[in-house]
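In the working numbering, the protein residues as written are -10 to 342. The C-beta atom is built at its ideal place from N, Cα and C for all residues, glycine as well. Data first, discussion second: the structure below is written as structure tokens.
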């Protein structure tokens, strides 16, 4: 029986059910006639009525089950497309209410699967790019260290000043490599939620002054003019001071790297809006193309790969800054135009009184 049911369609199965019902009625009429419950004329009349009603029932059945058959066929075709990885199709809302509800759920499932597979493809592409960037960034200082060490081992350097310069380069490349590994490990811990988060009330003016003092040497070396503006009435913010200080430091360091000598950098905060203070670091650098701005806060992304590596950027500072700000329930972004400098900003919540 199960094998038979598995070999016929739903429409045929329902049709056979109706035929069996009609046959059962005819058999009962014939048995009634044989038992002399019915006369021959009554048997003939009832048989004609039953067969006529059965034919009419079959016609109505074929008409009524047509939408159901179409709905089932469409579900079958869409299911095959999904099995082949095509999630673009949608089922029309036809047929009985139950099939329309099924179509709504099916379309929702298809959209969710499409979004999930798009995210997987995007994640896979990002993973490959990340591996390539990590490999390149690790290989570059290692190759430099190896070449200088081999030159020293082979006694190719006789000049004392050159010898010291080689050792200094090895030290700098080692520090760069160590910093890259530490940044990558730190970012991974943050994205995994392994960092503790215990915010406290803190005044941004103190934090910005401390950050500027720690960058005084770089500022003086490039002759950069730094202008800061923090409103006196700015309320305290709810932050982890060292973490937000790192964000300001990353943005300031980024501005210093991309500002011309003798340029100007502005750091300012705006009064709370919707419970958040916005801090902006503005430079007079070369600016950033609009199509690149959306990727600036990705790990290892650089607008100018060769120049960024030469200037010592690991490509992780902005990604770490974004992670820190998001932990504080804030946002981070950039406004920039080529040739007009950049404005990097982030928001942090104020202390609710």
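Check                                                                                                                        : Outcome
Sheet register partners of residue 322 (DSSP bridge)                                                                         : 334
Where residue 220 falls, given that 16 or more other Cβ within 10 Å makes a residue buried                                   : exposed
Residue 274 and residue 248 closer than 7 Å at C-beta                                                                        : yes
Buried or exposed (CB count within 10 angstroms, at least 16 for buried), residue 309                                        : buried
Secondary structure of residue 348, DSSP reduced to three states                                                             : Any question about residue 348 goes unanswered here, given that the chain covers just -10 to 342.
CB of residue 257 within 7 Å of CB of residue 338, strictly                                                                  : no
Simplified DSSP state of residue 220, which is helix, strand or coil                                                         : coil
Check whether residue 271 and residue 255 have beta carbons under 7 Å apart                                                  : yes
N- and C-terminal bounds of the beta strand (DSSP E) containing residue 146                                                  : Note, residue 146: premise wrong, no beta strand (DSSP E); not H, not E.
Backbone CA spacing between residue 33 and residue 12 [nearest angstrom]                                                     : 15 Å
Separation of residue 76 from residue 202, as counted between CA atoms                                                       : 56 Å
Under the three-state DSSP convention, the category residue 55 falls into                                                    : helix
Which of helix, strand or coil DSSP assigns to residue 23                                                                    : helix
Where residue 333 falls, given that 16 or more other Cβ within 10 Å makes a residue buried                                   : buried
At least three beta-carbon pairs within less than 8 Å, the stretch 157 to 169 to the stretch 229 to 239                      : no
Rounded C-alpha distance that separates residue 46 from residue 90                                                           : 27 Å
Segment limits, alpha helix (DSSP H) that includes residue 255                                                               : Element bounds for residue 255: not the alpha helix (DSSP H) but the beta strand (DSSP E), 253 to 262.
First and last residue of the uninterrupted beta strand (DSSP E) at residue 240                                              : Unbroken run through residue 240 is the alpha helix (DSSP H), 230 to 247; no beta strand (DSSP E).
Below-7 Å beta-carbon distance, residue 335 vs any chain D residue                                                           : Given the protein chain composition of this structure (a single chain), no chain D is represented.
Three-state secondary structure assigned by DSSP to residue 296                                                              : Low per-residue confidence applies at residue 296: pLDDT is 39, beneath 50, and the placement is therefore not dependable, though the value from the model is reported in the following sentence. Residue state, collapsed to three classes: helix.
Delimiting residues of the alpha helix (DSSP H) encompassing residue 198                                                     : 193 to 203
Touch test, the stretch 64 to 75 against the stretch 88 to 103, Cβ-Cβ under 8 Å, three pairs minimum                         : yes
Residue 28 classed as buried or exposed, judged by whether at least 16 other C-beta atoms fall within 10 angstroms           : exposed
Neighbourhood of residue 187 by C-beta distance below 8 Å, restricted to the same chain and skipping five residues each side : 229
Euclidean distance between Cα positions of residue 157 and residue 134                                                       : 11 Å
Within 7 Å, strictly: CB atoms of residue 251 and residue 330                                                                : no
Member of 88, 262 and 242 whose CA lies at the smallest distance from the CA of residue 224                                  : 262
Residue 281 Cβ short of 6 Å to the ligand GDP heavy atom set                                                                 : The ligand GDP is not part of this structure, which contains no ligands at all.
Beta-carbon separation (whole angstroms), residue 268 vs residue 335, contact threshold 8 Å                                  : 6 Å
Element boundaries [beta strand (DSSP E), containing residue 268]                                                            : 265 to 272
Short Cβ contact (7 Å threshold) for residue 340 with residue 227                                                            : yes
Of the listed residues 6, 155 and 280, nearest to residue 327 (C-alpha basis)                                                : 280
Residue 250 (DSSP reduced to helix, strand or coil)                                                                          : coil
Cβ neighbour criterion (16 or more within 10 Å) applied to residue 53                                                        : exposed
Pairwise C-alpha distance: residue 318 and residue 136                                                                       : 46 Å
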